[in-house]
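Presented below is the structure to which this report refers.
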Amino acid sequence: GAVVSQHPSWVICKSGTSVKIECRSLDFQATTMFWYRQFPKQSLMLMATSNEGSKATYEQGVEKDKFLINHASLTLSTLTVTSAHPEDSSFYICSAPQNSGNTIYFGEGSWLTVV
Amino acid sequence: DQQVKQNSPSLSVQEGRISILNCDYTNSMFDYFLWYKKYPAEGPTFLISISSIKDKNEDGRFTVFLNKSAKHLSLHIVPSQPGDSAVYFCAASGYAGGTSYGKLTFGQGTILTVHP
Chain D
41 GAVVSQHPSW VICKSGTSVK IECRSLDFQA TTMFWYRQFP KQSLMLMATS
91 NEGSKATYEQ GVEKDKFLIN HASLTLSTLT VTSAHPEDSS FYICSAPQNS
141 GNTIYFGEGS WLTVV
Chain R
67 DQQVKQNSPS LSVQEGRISI LNCDYTNSMF DYFLWYKKYP AEGPTFLISI
117 SSIKDKNEDG RFTVFLNKSA KHLSLHIVPS QPGDSAVYFC AASGYAGGTS
167 YGKLTFGQGT ILTVHP
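Which chain is which? The protein sequence lines are D and R, in order.
Under our numbering, the first residue of the first sequence is numbered 41, with each subsequent residue one higher.
Under our numbering, the first residue of the second sequence is numbered 67, with each subsequent residue one higher.
Printed below as a string of structure tokens:
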């Protein structure tokens, strides 16, 4: 079964509204989680590192005020796309490293469509 | 600057034969490498990984080879099955336990098609 769960799987929202995506680690704690974005026919690109108890760190070119990340507990990170626009439509995926197994697991992904 | 490259966009293999997917990297700080299988609109599924202290890791039908001097790794699938058809991504990270562990840089992906 899944060890990292993402919700929702897909969401359609109106331009200008905000959307929250949740990422949960199941059966293990993750002090760090990562958020990626994948546009059609492209690779996965790291957006930001979510740190439990502290601020997220963002990759170059990613607007921190637009993509709000909150790592509220050792098993939950949330990504909020604020004031979404059609160009934000993409596939968003989170990951969590399971240090005990030296494996990095991914969530199922969340498909966002902004209309 | 593409630090992880998969130069073959696609690979077609007959069922039962070996599939070899290749990946090159440029950043010598990468210490941990992973292969993922992915379908459209789904999250990547972990297949196999290898640390830079090894040159080979095997798990069932999957074997990953690492040539650190050449900064090259490959994934061998044998025997290939039609259910293996998917996009395969290689990814690289800092060493497990380090501050950059888990922060993955992905290649562009290779579409593998296994024909019955």
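Here a beta-carbon is modelled for each residue, glycine too, at the ideal position from N, C-alpha and C.
Inset, instruction - In the DSSP assignment, find the unbroken beta strand (DSSP E) run with VAL59(D) in it and report its ends. - result: 59 to 65
Inset, instruction - Taking 8 Å as the cut-off, decide whether the C-beta atoms of TYR98(R) and LEU113(R) are in contact. - result: no
Legend entry - CB of ALA216(R) within 8 Å of CB of THR171(R), strictly: One cannot answer for residue 216(R) here, as it falls past the ends of chain R, which runs 67 to 182.
Inset, instruction - Please decide whether PHE96(R) counts as near chain D, where near means a Cβ-Cβ distance under 8 Å. - result: no
Inset, instruction - Evaluate the contact criterion for the segment 132 to 145 of chain D versus the segment 138 to 152 of chain R: three or more CB pairs, one atom per stretch, below 8 Å. - result: no
Legend entry - Coarse secondary structure for PRO126(D), derived from DSSP in three states: helix
Legend entry - Nonlocal neighbours in the same chain, by C-beta distance under 8 Å from PHE128(R), ignoring five residues either side: TRP101, LEU113, ILE114, LEU141, HIS142, ILE143
Inset, instruction - Closer than 8 Å by beta-carbon distance: list the chain D residues that pair up with LYS169(R), in chain order. - result: PHE74, LEU86, THR89
Legend entry - N- and C-terminal bounds of the beta strand (DSSP E) containing GLN68(R): Run containing GLN68(R): none; DSSP gives neither H nor E here.
Inset, instruction - Please go through the segment 90 to 154 of chain D and give each complete alpha helix (DSSP H) segment of 4 or more residues, from N-terminal end onward. - result: none
Legend entry - Residue burial classification, ASP150(R) (beta-carbon count within 10 angstroms, cutoff 16): buried
Inset, instruction - State the DSSP-derived secondary structure class of ASP125(R), mapped to helix, strand or coil. - result: strand
Legend entry - Below-8 Å beta-carbon distance, GLY82(R) vs any chain D residue: no
Legend entry - Nearest-angstrom Cα separation, counted from PHE155(R) out to ASN73(R): 11 Å
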